[in-house]
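Just add 153 to the spot in the sequence shown (first one is 1) and you have this note's numbering.
Quick reminder that beta carbons are idealized off the backbone N, C-alpha and C, glycines included.
None of these values were measured; they are calculated from a predicted model.
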Amino acid sequence: MTSKNESLFARAQLSIPGGVNSPVRAFKSVGGTPRFFVRGKGARAWDADGQCYIDYVGSWGPLLLGHAHPDVVQAVQASAANGLSFGAPTEVEIEMAELLVSLLPGLERVRMVSSGTEATMSAIRLARGFTGRSLFVKFEGCYHGHADSLLVKAGSGALTLGQPSSSGVPPETAQHTLVRTYNDCEEIEHTFAEMGDKIAAVIVEPVAGNMNLVAPDPAFLHALRALCTRHGAVLIFDEVMTGFRVGPKGAQGLYGITADLVTLGKVIGGGMPVGAFGGRRDIMDCIAPLGGVYQAGTLSGNPVAMAAGLTTLRALQAPGFYESVTATTRALVEGLSTSAKKHGIRFSGQSVGGMFGLYFRDQPPTRFVEVMQCDVPAFNRFFHAMLDKGIYFAPSAFEAGFVSAAHGAQELAETLAAADTVFAALSSKA
Ligand SMILES: *Cc1c(COP(=O)(O)O)cnc(C)c1O
Numbered sequence: 154m155t156s157k158n159e160s161l162f163a164r165a166q167l168s169i170p171g172g173v174n175s176p177v178r179a180f181k182s183v184g185g186t187p188r189f190f191v192r193g194k195g196a197r198a199w200d201a202d203g204q205c206y207i208d209y210v211g212s213w214g215p216l217l218l219g220h221a222h223p224d225v226v227q228a229v230q231a232s233a234a235n236g237l238s239f240g241a242p243t244e245v246e247i248e249m250a251e252l253l254v255s256l257l258p259g260l261e262r263v264r265m266v267s268s269g270t271e272a273t274m275s276a277i278r279l280a281r282g283f284t285g286r287s288l289f290v291k292f293e294g295c296y297h298g299h300a301d302s303l304l305v306k307a308g309s310g311a312l313t314l315g316q317p318s319s320s321g322v323p324p325e326t327a328q329h330t331l332v333r334t335y336n337d338c339e340e341i342e343h344t345f346a347e348m349g350d351k352i353a354a355v356i357v358e359p360v361a362g363n364m365n366l367v368a369p370d371p372a373f374l375h376a377l378r379a380l381c382t383r384h385g386a387v388l389i390f391d392e393v394m395t396g397f398r399v400g401p402k403g404a405q406g407l408y409g410i411t412a413d414l415v416t417l418g419k420v421i422g423g424g425m426p427v428g429a430f431g432g433r434r435d436i437m438d439c440i441a442p443l444g445g446v447y448q449a450g451t452l453s454g455n456p457v458a459m460a461a462g463l464t465t466l467r468a469l470q471a472p473g474f475y476e477s478v479t480a481t482t483r484a485l486v487e488g489l490s491t492s493a494k495k496h497g498i499r500f501s502g503q504s505v506g507g508m509f510g511l512y513f514r515d516q517p518p519t520r521f522v523e524v525m526q527c528d529v530p531a532f533n534r535f536f537h538a539m540l541d542k543g544i545y546f547a548p549s550a551f552e553a554g555f556v557s558a559a560h561g562a563q564e565l566a567e568t569l570a571a572a573d574t575v576f577a578a579l580s581s582k583a
């Protein structure tokens, strides 16, 4: 008998390329049938066959409050009842901008867009317009959305599908993108010594979360700050994933570094399509209508999306919020590591705030080449065995995981009990 998930996936493939609207959803690297979800509540989500999962994907990061938080749902409903979009300014956009400016270091001006991809693409254009330079630096395995010039040695879905770079990107476009090694201070210092006066920007995931999780060497981030300042390049922290995820001020707050521009997405939309970029006023004032760098969007600052994002951001201000999510995430990783060790599985893990990485290798990786050394078949066996037990991790060995405030002691206990059984089975097979 075919399950409902299977028949939906078969049907989806007749009208949607690969049956999905974003590639990693297709389960291509882990094999099997993607789950089609019908409902979510708190830490859990239910698929078309009625199976319940503890969800560690959280829509790939946005759901820091868990699924269908009552305040967020209520705010969305109230806003929708007053009209879905105007294409003209609304007060809620000011409230969102004021809140972001008050919360994030260095954010003097901010513009809303509808996705992380738009945010990073616009930030690069802005940095080029501001400096009058063309080159920019990104790091191998970092993902900054799917704009042409950024899809060079990007992680995430491209990595999962074994395509470090996309076809369809003209070499002339990619030639302005310099790809360097994450966490390698010497290499980037050399690059700036050679051509610092031609570099418009450095864009970096301050905690890399699209090649599994790779934590930064703080000295690396400080070196980027110093080099950009010295050479007049714009430092862009891509905090689409880390913003309000690793701490109340994002990675900037965590590492005590203020970037020139910050890109945001995911959490700031609370599950609705929202992105933003902002930073220094002298740079931000270069965008239209004030300046000559064009950037626009029919649905930018959409009031329903702003309502969801604002309500989410306000909920995160509760005392102890980050201490609690951070502790839960750490306990998850430590529990999994202890269990794997007990059963003799080569495994390691680490977390930063509410995001985590699980690796089928002895030590957490510090750069892309080490991520590639993880045992992917072992991850795939672990993934499917956990899925069968109602635990939903990202369907790829190269993605980070996410914990929400709705994940409590009960979810943790269920997850660790399932993992202990799975690790025991994996070790007896090895
Ligand atoms: C998710 C992500 C993006 C792209 O955001 P979309 O909303 O998927 O376009 C960009 N940068 C980083 C670091 C991300 O994690």
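When DSSP states are grouped into helix, strand and coil, Gln405 belongs to the helix group. Taking 8 Å as the upper bound for CB-CB distance, Gly554 and Leu511 are in contact here, some 7 Å apart. Three or more beta-carbon pairs drawn from the stretch 492-506 and the stretch 391-404 are found closer than 8 Å, and the two stretches are therefore classed as touching. Under DSSP, the beta-bridge partners assigned to Cys205 are Trp199.
The three-state secondary structure of Phe239, taken from DSSP, is coil. Given a length threshold of 3 residues, each whole run of the beta strand (DSSP E) inside the stretch 219-279 is given here in chain order: 262-266. Gly510 carries a strand assignment under DSSP once its states are collapsed to helix, strand and coil. Rounded to the nearest angstrom, the Cβ distance from Glu552 to Asn336 is 19 Å, too far for a contact under 8 Å. Considering only Met425, Val226 and Ser156, the residue with the shortest C-alpha distance to Asp200 is Ser156. Non-local beta-carbon contacts of Asp438 in its own chain, meaning distances under 8 Å to residues more than five positions away in sequence, involve Arg262 and Gly444 in chain order. The distance from the Cβ of Gly171 to that of Ala179 is about 5 Å, consistent with a contact at the 8 Å cut-off. Contact between Ser287 and His220 is ruled out by a C-beta separation of about 43 Å, above the 8 Å threshold.
Note on the stretch 497-560: whole beta strand (DSSP E) runs with a minimum of 3 residues are 501-505 and 508-512, in chain order.
Sequence-distant partners of Val229 (beyond 5 residues in either direction) whose C-beta falls short of 7 Å from its own C-beta, in its chain, are Val457, Ala460 and Ala461. With respect to the C-alpha of Pro223, the residue from Ser477, Thr464 and Val245 having the closest C-alpha is Thr464. Within its own chain, the residues whose Cβ lies closer than 8 Å to the Cβ of Ala198, once the five positions on either side in sequence are excluded, are Phe190, Arg192, Cys205, Tyr206, Asp208, His220 and Tyr545, listed in chain order.
Between the alpha carbons of Val367 and Glu523 lies a distance of about 10 Å. The C-beta distance from Thr273 to His297 rounds to 4 Å, short enough to fall under 8 Å.
For Lys495, the enclosing alpha helix (DSSP H) has its first and last residue at Phe474 to Lys495. At a Cβ-Cβ threshold of 7 Å, Leu417 and Glu392 count as neighbours. Those residues whose C-beta sits under 5 Å from the nearest heavy atom of ligand 1 are, from N- to C-terminal order along the chain, Ser268, Gly269, Thr270, His297, Gly298, Glu358, Asp391, Val393, Met394 and Gly418. Excluding residues up to 5 positions away in sequence, Gly298, Val393, Gly418 and Gly428 lie with their Cβ nearer than 6 Å to the Cβ of Gly269 in the same chain. The beta carbons of Phe345 and Leu380 sit about 5 Å from each other, so the pair counts as a contact at 8 Å. Here Lys419 carries a helix assignment [DSSP, helix/strand/coil].
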